[in-house]
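Participant: Residue numbers (full-length UniProt numbering): 1 to 320.
Heads up, the beta-carbon is just placed ideally off N, CA and C, and yes, glycines get one too.
Attaching a single structure in structure tokens format; questions to follow.
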């Protein structure tokens with residue numbers, strides 16, 4: 001049971017359409033390769049998907065050379081068949097072609113093999129044809145530019161408008177992609193600048209805090225030094241007060257001893273009392289020599305014990 005004939009119409013299902021495109025594209029590229037090998041032909045194949053992706057195939061000679069040959073011979077035939085006025089009307093393929101694909105090529109010096117040699121009249125009018133081609137290209141470019149700017153669209157049919165819209169969508173997609181890339185780079189640079197600025201601010205705050213702490217440390221050291229000096233002065237003051245009080249006590253004691261000694265001197269003529277040996281005292285300064293002198297003087301005095309001067313209990317102790 002054979003396969004039914006496929007009806008040529010647009011496939012509505014997106015997935016089926018994509019699968020069919022992939023299969024037919026592979027078969028088309030395979031057929032182009034086979035015809036180039038079997039028939040020794042120069043083949044150039046260009047396919048654009050609905051999303052604008054390019055698929056191409058060319059033989060050993062590059063795609064550019066094949067396109068240059070096509071461009072030259074197509075313009076040469078049109079120049080022979082039409083006048084200069086015909087070049088003001090450009091075909092759809094040139095009008096909707098991107099600007100970068102339109103190239104100006106000088107005419108070859110010799111005809112290529114396997115091609116029909118142009119007539120002598122066409123060779124004589126080579127420069128005229130080149131002028132006509134350049135003029136037509138300039139007009140086509142200006143017209144295409146006006147169409148891209150949204151001007152003079154009345155002469156375009158639905159298919160041409162769709163092609164123009166598709167071309168504008170591709171251009172707009174590239175522009176938006178480049179814009180997003182530039183915005184991302186700008187945001188990244190701004191983030192780096194902000195991070196560097198934040199680090200610099202943090203470093204400055206840290207340096208300021210360190211300087212403030214150093215100032216506080218110096219102030220504390222100065223305060224400690226002042227407190228130490230005041231403490232030393234207060235200790236010296238307390239020592240001086242204690243020393244003065246001690247000296248005052250020694251002075252009073254020396255005066256008391258002096259008065260006792262004077263009383264002993266006055267009473268020594270009649271009956272000298274029993275003089276007890278003075279206890280050793282602490283004498284500081286100039287009063288120490290006075291106390292020693294008093295002690296030595298008391299030691300030199302003769303000890304005379306009188307019964308009249310002694311108390312009764314001491315007399316009983318001596319008699320017993």
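Assign residue 201 to one of three DSSP states: helix, strand, or coil.
Facilitator: helix
Participant: Report the rounded CA-to-CA distance for residue 220 versus residue 237, giving the unit in angstroms.
Facilitator: 25 Å
Participant: Hey, how far is the Cα of residue 240 from the Cα of residue 206?
Facilitator: 51 Å
Participant: Let me know the secondary structure DSSP gives residue 61 once reduced to three states.
Facilitator: coil
Participant: Taking only three categories from DSSP, how would you classify residue 155?
Facilitator: Three-state DSSP puts residue 155 in coil, outside helix and strand.
Participant: Below 7 Å CB to CB, which residues in the same chain sit around residue 66 once its five sequence neighbours on both sides are set aside?
Facilitator: Result list for residue 66: 42, 44 and 58, in chain order.
Participant: Throw me the rounded Cβ distance for the residue 147 and residue 153 pair, which I believe falls under 8 Å.
Facilitator: 6 Å
Participant: So, helix, strand or coil for residue 322, using DSSP?
Facilitator: Beyond the ends of the chain as shown, which are 1 and 320, falls residue 322; an answer cannot be given.
Participant: Relative to the C-alpha of residue 49, which candidate in 33, 17 and 39 has its C-alpha closest?
Facilitator: 17
Participant: Thinking residue 34 and residue 46 are a contact (beta carbons under 8 Å), I'd like their distance in whole angstroms, please.
Facilitator: Actually they do not touch by this definition, with Cβ atoms about 18 Å apart.
Participant: Could you name each continuous alpha helix (DSSP H) segment of 4 residues or more that falls completely within the UniProt domain "K-box" (124 to 237), going from the start of the chain to the end?
Facilitator: The alpha helix (DSSP H) runs lying completely inside the UniProt domain "K-box" (124 to 237) and spanning 4 residues or more are 126 to 148, given in chain order.
Participant: Please classify residue 12: does DSSP put it in a helix, a strand, or coil?
Facilitator: coil
Participant: Please go through the same chain and pick out, in chain order, the residues whose beta-carbon is closer than 7 Å to the beta-carbon of residue 61, but skip the five residues on each side of it.
Facilitator: 42
Participant: Rounding to the nearest angstrom, what Cα-Cα distance links residue 321 and residue 267 in this structure?
Facilitator: This structure cannot speak to residue 321, because the chain is shown only from 1 to 320.
Participant: Give the straight-line distance between the Cα atoms of residue 68 and residue 21, rounded to the nearest whole angstrom.
Facilitator: 28 Å
Participant: Leaving aside the five residues before and after residue 96 along the sequence, list all residues of the same chain whose C-beta is less than 6 Å from its C-beta, in chain order.
Facilitator: Below a pLDDT of 50, predicted positions are generally treated as unreliable, and residue 96, at 42, falls in that range; the measurement from the model is reported next regardless. Result list for residue 96: 163, in chain order.
Participant: Can you tell me the Cβ-Cβ gap for residue 52 and residue 170, rounded? I've got them flagged as a contact below 8 Å.
Facilitator: Residue 52 to residue 170, Cβ: 5 Å. Contact.
Participant: Buried or exposed: where does residue 136 fall if 16 or more other Cβ atoms within 10 Å of its Cβ makes it buried?
Facilitator: Using a 10 angstroms sphere on the CB of residue 136, the tally of other CB atoms reaches 16 or more, which defines it as buried.
Participant: CA-CA distance, residue 32 and residue 73?
Facilitator: 22 Å
Participant: On the DSSP bridge assignment, give the partners of residue 19 in chain order.
Facilitator: Answer by DSSP bridge pairing: none, since residue 19 is not bridged.
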